[in-house]
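Engineer: There's a structure below that I have some questions on.
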Amino acid sequence: MLVVCLAAVAIAADGQISVKDFGAVGDGKADDTAAIQAALDKGKAVPRGASVTMPAGDYRVTKTIRIENCLLTGLSAGGWPADAGPMPTIRVDHTAGPCVIAKNASSIHGINFAYDHKGEEARKFGPTVLLSGNGISITNLRIADPYEGIMADGVTNIGRLNIENVFIISARECGVYVSNTYDIATLRNIEVWNPAKYSLGHCTGFRLGKNDEIRLANCFAFACKIGYHFVKDKDGPTWGGMIGCSADFSVQGIVVDEVSSLRVTGGCMWAHSNALMVNGPGRVVVSGVDLKSNGDAALIVRDCNSLTLTGCTLGKAGDSWPTVPGAKLEGGKSVLVSNCTFDENGPGMLIGPKMEFFSVTGNVFQPSPFEAITDNSAATATKVIANNLSKKVERKAAAARLSGQGAGS
9 MLVVCLAAVA
19 IAADGQISVK
29 DFGAVGDGKA
39 DDTAAIQAAL
49 DKGKAVPRGA
59 SVTMPAGDYR
69 VTKTIRIENC
79 LLTGLSAGGW
89 PADAGPMPTI
99 RVDHTAGPCV
109 IAKNASSIHG
119 INFAYDHKGE
129 EARKFGPTVL
139 LSGNGISITN
149 LRIADPYEGI
159 MADGVTNIGR
169 LNIENVFIIS
179 ARECGVYVSN
189 TYDIATLRNI
199 EVWNPAKYSL
209 GHCTGFRLGK
219 NDEIRLANCF
229 AFACKIGYHF
239 VKDKDGPTWG
249 GMIGCSADFS
259 VQGIVVDEVS
269 SLRVTGGCMW
279 AHSNALMVNG
289 PGRVVVSGVD
299 LKSNGDAALI
309 VRDCNSLTLT
319 GCTLGKAGDS
329 WPTVPGAKLE
339 GGKSVLVSNC
349 TFDENGPGML
359 IGPKMEFFSV
369 TGNVFQPSPF
379 EAITDNSAAT
389 ATKVIANNLS
399 KKVERKAAAA
409 RLSGQGAGS
């Protein structure tokens, strides 16, 4: 008994706590929930924080665990983007709520989370990590087959949130949802990768609600229904920016239902339907982005306070897709499209009858048999369409040009 007490004093002194000291087995069969929670409770009680470690193993949990004021860590630099997940694993064996509730000043690092849908396409698990406090840091995680990955609770201020180096595989409903950040939040190097067919029809890679200057950098969404979805939550929409973020093989790349202010810089959005859709109020600035879609226009603007699109490329993956325009301007209080390049695989831009205040200048429409700009706006609209470069060629000439490109000319 004396030895146990001395060990407990040593743990409290150096801030290092192992879940195995509290009875965790880590064989994938034993229920390790109580042991992990006991270690986390001990870590929370350390005044200046503690590091709760998970040695190599497979830890089965059967109900929600809670973390606050401490770090839960596996490997300091684990293979989080690997297919096999060579990291300490938390195996989630329940559907009654989140796997982890992250409270104030909590950190999770170097762990693999794994789910078994037991033959169902989408077993409705709770979120892997439910964000419910401020100052949370989540790094170097691998999350395999969740229903929902990392999710805000939608009520608590989760300001100063930091999520980076996270690989989410086959999220059924949503990869990452962030809202109620009443201070700067950072999402960096997060990939939502969906080989599961169900995800293509249901999953949102990143859902962003009420955020104060949220920053997304080098994030990626693959095979999602929507790559990045900006929505208005009960306390408002997003103010923030994306740098070098991309989507591929998704139905839609970016959908803006409402924002306060959004900047999108660099990256590429390649989508089955459309790459960028702006549906609602807010200021949107897009620069240097490769927008490519197949089924519909790469850019669709239906409403906005202002949209500024500069230095982007718009088009399709090839000439065998439906010949819809590269861009459709259907609405919005103020729209500017400037210094962009439209490829030759379809009509360039279709301007709808509801457009009243817009500028389309200095764009390059590559030689094609299609119309570069079709303007159906009213004669009374306040507009500038000028200094755009285009050349209409016969279909045979366009086909020969494409064939020459394929041959390396």
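So the sequence shown is residues 9 to 417, counted in the working numbering.
Note that CB positions come from ideal geometry on N, CA and C, so glycine has one too.
Within a Cβ cutoff of 7 Å, which residues of the same chain sit near Asp-191, ignoring the five residues on either side of it in sequence?
Structural biologist: As a position in the sequence shown, residue 191 is number 183, starting the count at 1. Excluding sequence neighbours, Asp-191 sits near Gly-167, Arg-168 and Asp-220.
Engineer: Whole-angstrom Cβ separation of Thr-72 and Ile-109, contact assumed at under 8 Å?
Structural biologist: For the purposes of this step, residue 72 is identified with residue 64 of the sequence shown, where counting begins at 1. For the purposes of this step, residue 109 is identified with residue 101 of the sequence shown, where counting begins at 1. That belief holds up - the Cβ atoms of Thr-72 and Ile-109 are roughly 6 Å apart, short of 8 Å.
Engineer: Evaluate the contact criterion for the segment 91-106 versus the segment 180-195: three or more CB pairs, one atom per stretch, below 8 Å.
Structural biologist: No, the segment 91-106 is not in contact with the segment 180-195.
Engineer: Around the Cβ of Leu-322, are there at least 16 other Cβ atoms within 10 angstroms (buried) or fewer (exposed)?
Structural biologist: Position 314 of the sequence shown, counting from 1, holds the residue named residue 322. Buried, because 16 or more other Cβ atoms sit within 10 Å of the Cβ of Leu-322.
Engineer: Once you ignore the five residues that flank Ala-20 on each side, which residues in its own chain have a CB closer than 7 Å to its CB?
Structural biologist: Within the sequence shown, the letter at position 12 stands for residue 20. The pLDDT assigned to Ala-20 is 48, lower than 50, so where the model puts this residue is not dependable, and the model offers no usable value.
Engineer: Could you check how far apart the C-beta atoms of Pro-96 and Gly-82 are, in whole angstroms? I think they sit under 8 Å.
Structural biologist: Position 88 of the sequence shown, counted from the first residue, corresponds to residue 96. Position 74 of the sequence shown, counted from the first residue, corresponds to residue 82. So it is a contact: roughly 4 Å between Cβ atoms.
Engineer: Looking at Ser-254: is its Cβ nearer than 8 Å to the Cβ of Ala-279?
Structural biologist: Numbered from its first residue, the sequence shown carries residue 254 at position 246. Numbered from its first residue, the sequence shown carries residue 279 at position 271. No, these two residues do not count as a Cβ contact at 8 Å.
Engineer: Output yes or no for whether 8 Å exceeds the beta carbon distance between Ile-176 and Ile-116.
Structural biologist: In the sequence shown, the residue the question calls residue 176 occupies position 168. In the sequence shown, the residue the question calls residue 116 occupies position 108. Not in contact: Ile-176 and Ile-116 (Cβ atoms no closer than 8 Å).
Engineer: To the nearest angstrom, how far is it from the Cα of Lys-28 to the Cα of Val-239?
Structural biologist: Start at 1 with the first residue of the sequence shown, and residue 28 comes out as number 20. Start at 1 with the first residue of the sequence shown, and residue 239 comes out as number 231. The alpha-carbon atoms of Lys-28 and Val-239 are separated by roughly 43 Å.
Engineer: Thinking just about the alpha-carbon of each residue, which of Asp-91, Glu-172, Ser-314 and Phe-373 is nearest to the one in Gly-356?
Structural biologist: The count along the sequence shown starts at 1 and reaches residue 356 at position 348. For the residues Asp-91, Glu-172, Ser-314 and Phe-373, the minimum Cα distance to Gly-356 belongs to Phe-373.
Engineer: Only counting the same chain, and skipping five residues up and downstream in sequence, which positions put a Cβ closer than 7 Å to that of Gly-326?
Structural biologist: Counting from one through the sequence shown, the residue named residue 326 turns up at place 318. Contacts found: Asn-353.
Engineer: Output the distance between the C-alpha atoms of Thr-41 and Tyr-123, rounded to the nearest integer angstrom.
Structural biologist: Against the sequence shown, residue 41 aligns to sequence position 33. Against the sequence shown, residue 123 aligns to sequence position 115. Cα-Cα distance, rounded: 15 Å.
Engineer: Over what stretch of residues does the alpha helix (DSSP H) that includes Ala-42 continue unbroken?
Structural biologist: By 1-based counting over the sequence shown, the position of residue 42 is 34. Its alpha helix (DSSP H) spans residues 41-53.
Engineer: Grab the span of the alpha helix (DSSP H) containing Gly-209 for me, first residue to last.
Structural biologist: Within the sequence shown, residue 209 is the residue found at index 201, counting from 1. 205-210 is the span of the alpha helix (DSSP H), which, as asked, contains Gly-209.
Engineer: Hey, how far is the Cα of Trp-329 from the Cα of Phe-350?
Structural biologist: Start at 1 with the first residue of the sequence shown, and residue 329 comes out as number 321. Start at 1 with the first residue of the sequence shown, and residue 350 comes out as number 342. Those two C-alpha atoms are separated by around 15 Å.
Engineer: Mind checking who Gln-24 pairs with in its DSSP beta bridge?
Structural biologist: On the sequence shown, position 16 is the one that residue 24 refers to. Ser-59, per the DSSP bridge assignment.
Engineer: What does a CB cutoff of less than 8 Å around Ser-281 pick up in its chain, not counting 5 residues either side in sequence?
Structural biologist: If you number the sequence shown from 1, residue 281 lands on position 273. If we look at Ser-281 and ignore the five residues flanking it on each side, its Cβ neighbours are Val-259, Gln-260, Ser-301, Asn-302, Gly-303 and Asp-304.
Engineer: Run through DSSP, which three-state label would Phe-230 get?
Structural biologist: Taking the first residue of the sequence shown as position 1, residue 230 is located at position 222. Looking at Phe-230 - three-state DSSP - the assignment turns out to be strand.
Engineer: My guess is that Gly-249 and Arg-271 are in contact by the Cβ rule of under 8 Å, so how many angstroms apart are they, rounded?
Structural biologist: In the sequence shown, the residue the question calls residue 249 occupies position 241. In the sequence shown, the residue the question calls residue 271 occupies position 263. Indeed, because the Cβ distance is near 4 Å, the residues count as touching under 8 Å.
Engineer: Please state whether the Cβ-Cβ distance between Thr-136 and Ile-151 is less than 8 Å.
Structural biologist: The residue you call residue 136 lines up with position 128 of the sequence shown. The residue you call residue 151 lines up with position 143 of the sequence shown. A contact, by the Cβ cut-off of 8 Å.
Engineer: Within this structure, are the beta carbons of Ile-227 and Cys-211 separated by less than 8 Å?
Structural biologist: Reading the sequence shown from its first residue, position 219 is the one you call residue 227. Reading the sequence shown from its first residue, position 203 is the one you call residue 211. Contrary to the premise, residue 227 reads as Cys rather than Ile in this sequence. Cβ atoms of Cys-227 and Cys-211: not closer than 8 Å.
Engineer: For the candidate residues Phe-366, Asp-153, Val-345 and Ser-26, whose alpha-carbon lies nearest to that of Arg-99?
Structural biologist: If you number the sequence shown from 1, residue 99 lands on position 91. When only C-alpha atoms are compared, the closest one is Asp-153.
Engineer: Out of Glu-266, Glu-379, Gly-339 and Gly-36, which one is the CA nearest neighbour of Phe-366?
Structural biologist: Counting from one through the sequence shown, the residue named residue 366 turns up at place 358. Of the listed residues, the one whose Cα sits closest to Phe-366 is Gly-339.
Engineer: Which partner residues does Met-159 have in the DSSP bridge list?
Structural biologist: Numbered from 1 along the sequence shown, position 151 holds the residue referred to as residue 159. For Met-159, which the question treats as bridged, DSSP gives the partners Leu-138 and Tyr-185.
Engineer: For the beta strand (DSSP E) that Cys-276 lies in, which residues bound it at each end?
Structural biologist: Within the sequence shown, residue 276 is the residue found at index 268, counting from 1. Start and end: 276-286.
Engineer: Indicate the three-state DSSP secondary structure (helix, strand or coil) for Phe-30 in the structure shown.
Structural biologist: Here residue 30 corresponds to residue number 22 of the sequence shown, with the count starting at 1. It is helical.
Engineer: How about Ala-380 and Ala-335: are their beta carbons less than 8 Å apart?
Structural biologist: In the sequence shown, the residue the question calls residue 380 occupies position 372. In the sequence shown, the residue the question calls residue 335 occupies position 327. Not in contact: Ala-380 and Ala-335 (Cβ atoms no closer than 8 Å).
Engineer: Using 8 Å for Cβ pairs, my map puts Val-267 next to Gly-290. What's the rounded Cβ distance?
Structural biologist: Locating residue 267 in the sequence shown gives position 259, counting from the first residue. Locating residue 290 in the sequence shown gives position 282, counting from the first residue. With a Cβ gap of about 4 Å, Val-267 and Gly-290 count as contacting.
Engineer: Go through its chain and collect everything with a Cβ distance to Lys-132's Cβ below 7 Å, but skip five positions before and after it.
Structural biologist: Taking the first residue of the sequence shown as position 1, residue 132 is located at position 124. Excluding sequence neighbours, Lys-132 sits near Thr-103 and Tyr-155.
Engineer: Once DSSP output is grouped into helix, strand and coil, what is the label at Arg-403?
Structural biologist: In the sequence shown, residue 403 corresponds to position 395, counting from 1. In this structure, Arg-403 counts as helix in the three-state DSSP scheme.
Engineer: Looking at the strands, I want to know which residues DSSP matches up with Trp-201.
Structural biologist: In the sequence shown, residue 201 corresponds to position 193, counting from 1. DSSP lists Ile-177 and Phe-230 as partners of Trp-201.
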